[in-house]
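Asks: Protein chains in written order, with our numbering: chain A, 1 to 241; chain B, 1001 to 1241. Don't be surprised by glycine CBs; every beta carbon is placed ideally from N, CA and C. Would you mind keeping the following structure in view while I ask a few things?
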DNA sequence: CCTGTCATATTGTATGTCAATCAGGCAAAG
DNA sequence: CTTTGCCTGATTGACATACAATATGACAGG
C-alpha cells in the first residue's frame, strides 16, 4: 500500500479510484480551504476575532470541524489562537514580511536550481510556454491576471524541481503574503522588471545552470520583496502612529 | 495586544503572565508532543495503524483532542491519514529523505548566514561555548549525548539568525529524520568530521562572513545526508526485495 | 480613582450518536 | 476449486450536547 505522507498523491489516488465523485472533498478540507482563502484574500481584517460560533454559522459546519481547521491555520501562522479567547486573524508586521520573503527567496532558489538540473524536457517546454505568455502581457494587465500567470509559472517550477517538499513549505508562506503580492505586483512599471527577472531565471534553466537559476530566483524574490515591503511600510506607518 | 502568529512568543508571554503554573500546557499540546515524540523516536513502526481508540487510551484523552493532534502531525507529514481507515505512521523512502536533507541544507544555510551577519556578541559567545564542548567530546560519545549537544548548537543558531520562520519550517523536517540522524551520527569516525565541519561554520561566523557560513552549513548537512542516506538505503534494500 | 468580586460569555474537553465506508468472511454460482 | 456477490463487524467522519475552566466587563465598595 502506498503510505507516503504526501497528501496530494493520496488525493490523486483517491480521485483515480472514484473518478465520478469529484465533489467528495472532505468537509474539513472545504472549511480549511475556505477559511484560508477568506483570510488570505482579506475578507477578514487582521486582528479580527474569529469566534467558533461565527465560523460554524459561516460554513454550516460543527464546532469539531471548524476547530480542526482553525488549528491547521494556526500551524500555518494565518491565525493566532489565544487560550480561552479564541482565534484572531494574524497581523503581518514589516519584520515578519521581510523574514517570510527571505525564506521564500531561499526556497524558490532551491526550486529553480532543482528545476534547472532535474526537470524533463516536457517540463521545460511548459515553463517556456508560460514565460512566453508572461512576456507578451500588456503593461496594464490587471493584478488578478498577472498573479494567475505567475502562479502557473511557479506551479510548473515547483512541480518540476524534483523536491515536492519545497512546494509544501512554500504554500503556507505564500498564503500569508498573498495580499502583499497582489498590491505590489500591480505597482506601475513592475511588470517590466518582473519579466526581465524571470527571464534570467528562464535563461539559466535553458542552460541547465543550477547555481545561476538559484541566484536569479533569489534576486527576483529580493526585488519583489523590496517593492512589497515598501507598500506594507507605507500602509502601516500612518495607521499605527 | 500582541497578536503575532508566533507560537513560541505567545507561549513565552503566557509563561511570563503565569510564571507559577509551569505544567499548564494545554492537553492538546501534550498529546501532540507526546505522539510526535513517540513517532519520531520510533516507538511506533512505520506503517503501523494508529487507531483513535488506541491513542485515546494511550494518552487518556478524548477523541476530540486526539484527532486534532493527529491532524497536526498529518500536516507535518509524520502520519498519513486515509479516509475511513485512520492514521498510519508514515514511511520514509530514500528519495523523501534525500529531499528533506536538501531542504534542510538550504534552511540551515540561511540560518547560518543570518547568524553570521546579525547575531549579537552574546549569541556568538553562546555558540562558541557550545562548539567548544562539542570539540571536547570523546570519540566514543553516545548518540544521545551527541544529539543533545548538536541540538543545543542549532537551537542557538536558529534563535540568533534573526528569522524565526526558519526554525518553524525546520522543526517538522527534523522530526521526520530524527531516527536517521541518531543512527548516522553514531557511525564510527563521524564525530571527527562533524567537529571539523561545524568548525568551519563557527569560523565563518566569527569572521561575520555570511556567504561562507551558508556554504559551510550546506556542506555539513550534505555530508550528514550522505551518511544518513547510506544507512537508510542499507536498512531498506534487504527488507523490500 | 482604584480595587475586589461577581455574572456572563466563550473556549477547552469529554461523551454519545448516527451515517458512511472499509476489511474480511461466508455462501452460492460457475 | 475458483470467483463473485453480499453481509457483518469495526472504524472513522461528523454532529450535538454537556460540563469545566477561564477571560471579560460591570458593579459595588473603599
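1. Could you tell me how far apart the beta carbons of residue 72 of chain A and residue 1067 of chain B are, in whole angstroms, since I believe they sit closer than 8 Å?
2. Taking DSSP's pairing of strands, which residues face residue 94 of chain A in a bridge?
3. Taking the straight line between their C-alpha atoms, what separation do you get for residue 119 of chain A and residue 222 of chain A?
4. Is it true that the CB of residue 89 of chain A sits closer than 8 Å to the CB of residue 123 of chain A?
5. Enumerate in chain order the residues of its own chain whose CB-to-CB distance from residue 22 of chain A is below 7 Å, with the five nearest sequence positions on each side excluded.
6. Taking any Cβ of chain B, which residues in the region 92-112 of chain A have a Cβ under 8 Å from it, in chain order?
7. Should residue 1097 of chain B be labelled buried (16 or more other beta-carbon atoms within 10 Å of its own) or exposed?
8. Count the other CB atoms within 10 Å of the CB of residue 83 of chain A; is the residue buried (16 or more) or exposed (fewer)?
9. Examine chain B for any beta-carbon lying closer than 8 Å to the beta-carbon of residue 166 of chain A, and answer yes or no.
10. Would you say residue 202 of chain A reaches chain B, if we count a Cβ-Cβ gap shorter than 8 Å as a contact?
11. Looking only at DSSP bridge pairs, what is residue 1210 of chain B linked to?
12. Are the Cβ atoms of residue 242 of chain A and residue 116 of chain A separated by less than 8 Å?
13. Where does residue 1161 of chain B sit, in a helix, a strand or coil, going by DSSP?
14. Kindly indicate which three-state DSSP category residue 142 of chain A falls into: helix, strand or coil?
15. Whole-angstrom Cβ separation of residue 1184 of chain B and residue 1227 of chain B, contact assumed at under 8 Å?
16. Work out the CA separation of residue 79 of chain A and residue 189 of chain A for me, nearest whole Å.
17. Measuring straight from C-alpha to C-alpha, what distance separates residue 1229 of chain B and residue 1178 of chain B?
18. Could you spell out where the beta strand (DSSP E) holding residue 88 of chain A opens and where it closes?
19. Taking 8 Å as the CB-CB limit, is residue 1221 of chain B close to chain A?
20. DSSP state of residue 1134 of chain B, grouped into three classes?
21. Any chance you could list the alpha helix (DSSP H) runs of at least 4 consecutive residues sitting entirely within the region 18-61 of chain A, in chain order?
22. Let me see if you follow: with CB-CB separation under 8 Å, is residue 117 of chain A close to chain B or not?
23. What in chain A is Cβ-close to residue 1067 of chain B, meaning under 9 Å?
24. In the region 72-84 of chain A, which residues sit with their C-beta less than 9 Å from some C-beta in chain B, listed in chain order?
25. Output yes if chain B places a C-beta closer than 8 Å to the C-beta of residue 246 of chain A; else output no.
26. Any beta carbon of chain A sitting closer than 8 Å to that of residue 1126 of chain B?
27. When burial is assigned at 16 or more other CB atoms within 10 Å of the CB, is residue 1191 of chain B buried or exposed?
28. Anyone know if the C-beta pair for residue 158 of chain A and residue 111 of chain A falls short of 8 Å?
29. Would you list the residues sitting across from residue 1080 of chain B in a DSSP beta bridge?
30. Could you please give the first and the last residue of the uninterrupted alpha helix (DSSP H) stretch that includes residue 119 of chain A?
31. Okay, do the region 1090-1109 of chain B and the region 36-46 of chain A touch, 3+ Cβ pairs below 8 Å being the bar?
32. If you measure beta-carbon to beta-carbon, which residues of the region 1025-1053 of chain B are closer than 9 Å to chain A?
33. Just curious, the alpha helix (DSSP H) that residue 182 of chain A is in, first and last residue?
34. Can residue 1169 of chain B and residue 1107 of chain B be called in contact, C-beta distance under 8 Å?
35. When you compare each of A:147, A:128, A:180, A:186 to residue 204 of chain A by their alpha carbons, which one comes out closest?
Replies: Judging by the given coordinates:
1. Locating residue 72 of chain A in the first chain gives position 72, counting from the first residue. Locating residue 1067 of chain B in the second chain gives position 67, counting from the first residue. Their Cβ separation, rounded to whole angstroms, is 12 Å, which puts residue 72 of chain A and residue 1067 of chain B out of contact at 8 Å.
2. Here residue 94 of chain A corresponds to residue number 94 of the first chain, with the count starting at 1. For residue 94 of chain A, which the question treats as bridged, DSSP gives no partner whatsoever.
3. Locating residue 119 of chain A in the first chain gives position 119, counting from the first residue. Locating residue 222 of chain A in the first chain gives position 222, counting from the first residue. About 24 Å.
4. In the first chain, the residue the question calls residue 123 of chain A occupies position 123. In the first chain, the residue the question calls residue 89 of chain A occupies position 89. No, these two residues do not count as a Cβ contact at 8 Å.
5. Translated into positions along the first chain, residue 22 of chain A becomes position 22. Note on residue 22 of chain A: pLDDT 39, under 50, position unreliable in the model; the coordinate value appears next. Nothing listed; no residue qualifies.
6. 93, 96, 99, 100, 102, 103, 106, 107, 109, 110
7. Reading the second chain from its first residue, position 97 is the one you call residue 1097 of chain B. So residue 1097 of chain B ends up on the buried side.
8. Counted from its first residue, the first chain places residue 83 of chain A at position 83. Classification for residue 83 of chain A: exposed.
9. In the first chain, the residue the question calls residue 166 of chain A occupies position 166. Judged by the 8 Å Cβ criterion, residue 166 of chain A is in contact with chain B.
10. By 1-based counting over the first chain, the position of residue 202 of chain A is 202. Chain B contact via Cβ: absent.
11. Position 210 of the second chain, counted from the start, is the residue given in the question as residue 1210 of chain B. Looking at the DSSP assignment, residue 1210 of chain B forms no beta bridge with any residue, so it has no partner.
12. A question about residue 242 of chain A goes unanswered here, because the residues of chain A that appear run from 1 up to 241.
13. Start at 1 with the first residue of the second chain, and residue 1161 of chain B comes out as number 161. Residue 1161 of chain B falls in the coil class under three-state DSSP.
14. To locate residue 142 of chain A, count along the first chain from 1; it is residue 142. Coil, per DSSP.
15. Counting from 1 along the second chain, the entry for residue 1184 of chain B is found at position 184. Counting from 1 along the second chain, the entry for residue 1227 of chain B is found at position 227. Confirmed, Cβ separation roughly 4 Å.
16. On the first chain, position 189 is the one that residue 189 of chain A refers to. On the first chain, position 79 is the one that residue 79 of chain A refers to. Going from the Cα of residue 189 of chain A to the Cα of residue 79 of chain A covers about 33 Å.
17. Residue mapping note: residue 1229 of chain B aligns to position 229 of the second chain, counting from 1. Residue mapping note: residue 1178 of chain B aligns to position 178 of the second chain, counting from 1. For residue 1229 of chain B and residue 1178 of chain B, the distance between alpha carbons rounds to 13 Å.
18. To locate residue 88 of chain A, count along the first chain from 1; it is residue 88. Its beta strand (DSSP E) spans residues 86-89.
19. In the second chain, counting from the first residue as 1, residue 1221 of chain B sits at position 221. Residue 1221 of chain B does not count as touching chain A.
20. By one-based count along the second chain, residue 1134 of chain B stands at place 134. Looking at residue 1134 of chain B - three-state DSSP - the assignment turns out to be helix.
21. 27-40, 52-59
22. Translated into the one-based positions of the first chain, residue 117 of chain A becomes position 117. Not an interface residue.
23. On the second chain, residue 1067 of chain B is found 67 positions in, with the first residue counted as 1. Those are 64, 68, listed as they occur along chain A.
24. 72, 74, 75, 76, 77, 78, 79, 80, 81, 82, 83
25. Nothing in the structure corresponds to residue 246 of chain A, since chain A is present only between 1 and 241.
26. Residue 1126 of chain B sits at position 126 when you count from the first residue of the second chain. With 8 Å as the cut-off, residue 1126 of chain B does not count as an interface residue toward chain A.
27. For this step, residue 1191 of chain B is matched to residue 191 along the second chain. Buried, by the Cβ-count rule.
28. On the first chain, residue 158 of chain A is found 158 positions in, with the first residue counted as 1. On the first chain, residue 111 of chain A is found 111 positions in, with the first residue counted as 1. Yes, the Cβ-Cβ distance between residue 158 of chain A and residue 111 of chain A is below 8 Å.
29. Reading the second chain from its first residue, position 80 is the one you call residue 1080 of chain B. Its beta-bridge partners are B:1088.
30. As a first step, residue 119 of chain A is located in the first chain; it is residue number 119 there, counting from the start. From DSSP, residue 119 of chain A is part of no alpha helix (DSSP H); its letter is neither H nor E.
31. no
32. 1026, 1028, 1046, 1047
33. In the first chain, counting from the first residue as 1, residue 182 of chain A sits at position 182. Element bounds for residue 182 of chain A: 178-185.
34. As a first step, residue 1169 of chain B must be located in the second chain, where it is residue number 169. As a first step, residue 1107 of chain B must be located in the second chain, where it is residue number 107. Yes, these two residues count as a Cβ contact at 8 Å.
35. Position 204 of the first chain, counted from the first residue, corresponds to residue 204 of chain A. Per the Cα distances, A:128.
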